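Structure record follows, encoded as structure tokens.
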Amino acid sequence: MRVVLPSSVQALVLLGSLAVPAVAQQRPERVERTHTTGLLLGYGTETNVITSQPGAASSDNEHVVGHGITLGYGFTRRWAAYLNAGWGGFETTAGNRTGAGSIDLGARYHLPTVGRVISPFLQGGLASRALSVDALNSRTGFVDNVLGWRSMAAFGGGANVHVTRSLAISGMSTWGATSDGIANPRVHLGVLLLPSAWRR
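Just so you know, the sequence shown maps onto residues -24 to -1, 1 to 176 in mature numbering (1 follows the signal peptide of the UniProt record, and there is no 0).
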């Protein structure tokens, strides 16, 4: 048996079928907020934990709290080159003021984004650590500045949490060690600016 709908009902069905695609087109899509290409500029606070020969630093003062900057460039959505530089200071058990600096140069690999906002990454490269110690010279009676420098391989990772496409809260942690017993975990937390996202 063939059922014939009234013309008014047929008109409503037709309008409904036309309205569904229109509403779907007007519905805002979830926008990918992360951005990993182009210039990367960052600044933040960091802690370098310097563990060297016994007596050189105690467990109370080996944590060097300071500041750090990040300069990098994302060649693709996955790969970027980076340069991290940091500085800080602490007082040794002998009462000498010590300055510490760090320079990391390497590559960063961005993993798939989480929730369209979080961009996790792995990184690795060459790390250099410098210690500048003011020590009293027992022979001359003057204070001498002694500079020590070590280079090591360092690996780690972190994540950028994007507030906007061009601004993110960035956190990372790396670990490096030398053959003569110096280890250097490092933690950095700050902000990351991505100027190339302004044009998007």
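The C-beta atom is built at its ideal place from N, Cα and C for all residues, glycine as well.
Model, not experiment: these values are computed from the prediction.
Query, Result
"Note down, in chain order, each residue of its chain lying with its Cβ closer than 6 angstroms to the Cβ of L47, except the 5 sequence neighbours on either side.", "L59"
"I'd like to check one pair, A76 with L102: are the Cβ atoms closer than 8 angstroms?", "no"
"Within the same chain, show all residues whose beta-carbon is closer than 6 angstroms to that of R84, passing over the 5 residues directly before and after it, in chain order.", "A56, Y58, F97 and Q99"
"How would you call T150, buried or exposed, if buried means at least 16 neighbouring beta carbons within 10 angstroms?", "buried"
"In whole angstroms, what is the alpha-carbon distance linking L17 and T116?", "46 angstroms"
"Looking only at C-alpha atoms, which of T13, G14 and G20 sits nearest to H164?", "G20"
"What are the start and end residues of the beta strand (DSSP E) that includes H11?", "Counting along the chain, H11 falls outside any beta strand (DSSP E), and DSSP gives it neither H nor E."
"Buried or exposed for L87, going by 16 or more other Cβ atoms inside 10 Å?", "exposed"
"On a CA-only basis, which of T154, S146, A173 and S172 is nearest G166? Give me that one, please.", "S146"
"Taking all protein chains shown into account, do 16 or more other C-beta atoms lie within 10 angstroms of the C-beta of G132, making it buried, or fewer, making it exposed?", "buried"
"Do G62 and G42 have their C-beta atoms within less than 8 angstroms of each other?", "yes"
"Tell me which residues share the same chain as W174 and place their Cβ nearer than 7 angstroms to its Cβ, disregarding the 5 neighbours each side in the sequence.", "S142"
"With DSSP as the reference, identify every bridge partner of G152, one or two as the case may be.", "A130 and N160"
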